[in-house]
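So the protein lines, in turn, are chains A and B. If you count the first sequence from 1, position 24 lands on 32 in the working numbering, and the numbers rise without skipping. If you count the second sequence from 1, position 85 lands on 788 in the working numbering, and the numbers rise without skipping.
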Amino acid sequence: MPDAPAPHAESDADTGSPTEPQSGGESLAGAPRWAKASGIIGLVLVVLVVVLLLAGGGNHGPGRHTSSGAAGGQATPSSSVGNPGAAAEHDRPPGGHTP
Amino acid sequence: MSSRPRLRKFALTAHVIFSVGWLGAVVVFLALSVVGVTSQQGPVVRAAYVAMESIGWFVLVPLSVASLLTGVVQSLGTKWGLIRHYWVLVKLTINVVATIILLLYMQTLGHFAGIAAQPALANGELDGLRSPSAAIHAAAALLLLVVAATLSVYKPPGMTRYGQRKQHQRRAVTRPVA
């Protein structure tokens, strides 16, 4: 006999008994309330972050964390002199990381 | 056939270990980031950032990727599926988003660590290191991971349209012919 359709996964670790996905109780009217609420909250947070980034001048790179007068503020471990004003964005590949 | 249940349990165990390990590492990272912001001793602040970078690359990133991969493998091997139930879908989204943000933030963290590792700091650089950025990111990550762990245990109901379609197909196949 093939394996019984008992997906659960996480339940095994807790109760030792498989738990089938709820079928009869599932709502067929779209996403459940908790999923919609989570989606709305997530969307609001994303919009909030975007607004804060735009309000902060749009610079979310490492450069915004250093004082404007610090010439070496952009220094990396592999370089002795940093690049003033070089706002390294998040997509800059890591360089010279040392353990 | 006892190999499939054992394989599922193995995949589940691996996913739990990596996911909870990731959460624990984020807690450690949060503690170090708080030290980096609050400590009045320059060497301590610098040490915190150097340590955070190492933790990031050698613990956080591997655990996050492992959690994502084992989660996908483990879900695909069960009837829960990857996109059939909303709680799995939300967990997947959380994992992907958190991993992406982590990888992006490692650039910033590398920048901080690079400054911290310099033999001497300029006047404004130490103050620049006392940024709450790392603490904010760590706190947000911790919140996301706690939500994901909660979803794993409670498994709130709700099937996606794809899941409902699959369920109907399965019922149609198993329904005895009159």
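For glycine and all other residues, C-beta sits at the position ideal for the given N, C-alpha and C.
Query raised in the report: List, in order along the chain, the chain B residues whose C-beta lies closer than 7 Å to that of Ala-39 (chain A)?
Result: Tyr-789, Gly-861
Query raised in the report: Distance, Cα to Cα, Thr-863 (chain B) vs Gly-784 (chain B)?
Result: When rounded, the distance between both Cα atoms is 11 Å.
Query raised in the report: How far does the alpha helix (DSSP H) with Ser-757 (chain B) in it reach, from first residue to last?
Result: Ser-757 (chain B) -> alpha helix (DSSP H) spans 745-758.
Query raised in the report: Where Val-55 (chain A) and Arg-707 (chain B) are concerned, what is the direct C-alpha to C-alpha distance, given to the nearest angstrom?
Result: 44 Å
Query - Inter-residue spacing [alpha-carbon to alpha-carbon] between Ala-841 (chain B) and Gln-870 (chain B) - result: 39 Å
Report task. List the residues that DSSP assigns as beta-bridge partners of Met-862 (chain B). Result -> According to DSSP, Met-862 (chain B) bridges with B:His-788.
Query raised in the report: Where does the unbroken alpha helix (DSSP H) through Arg-833 (chain B) begin, and where does it stop?
Result: First-last for Arg-833 (chain B): undefined, no H or E at that position.
Query raised in the report: So, does the CB of Val-740 (chain B) fall closer than 9 Å to a CB anywhere in chain A?
Result: no
Requested in this report: Determine the closest residue to Gln-743 (chain B) out of B:Ser-834, B:Arg-868, B:Gln-867, B:His-718, with distance taken between C-alpha atoms.
Outcome: Measuring C-alpha to C-alpha distances from Gln-743 (chain B) to each of B:Ser-834, B:Arg-868, B:Gln-867, B:His-718 identifies B:Ser-834 as the nearest.
Report task. Please state whether DSSP places Trp-783 (chain B) in a helix, a strand or coil. Result -> coil
Query raised in the report: Which residue spans inside the stretch 706-745 of chain B form an unbroken alpha helix (DSSP H) run of at least 4?
Result: 706-741
Query raised in the report: Count the other CB atoms within 10 Å of the CB of Gln-872 (chain B); is the residue buried (16 or more) or exposed (fewer)?
Result: exposed
**Report entry** Sequence-distant residues of its chain with Cβ nearer than 8 Å to Leu-645 (chain B) (five each side left out)
**Finding:** This structure leaves residue 645 (chain B) out entirely; chain B is present only between 704 and 881.
**Report entry** Residues of the stretch 40-56 of chain A whose Cβ lies closer than 7 Å to any Cβ of chain B, in chain order
**Finding:** Pro-40, Trp-42, Ala-43, Ser-46
Query raised in the report: To which residues of the same chain is Thr-781 (chain B) closer than 8 Å at the C-beta, ignoring the five residues directly before and after it?
Result: Arg-711
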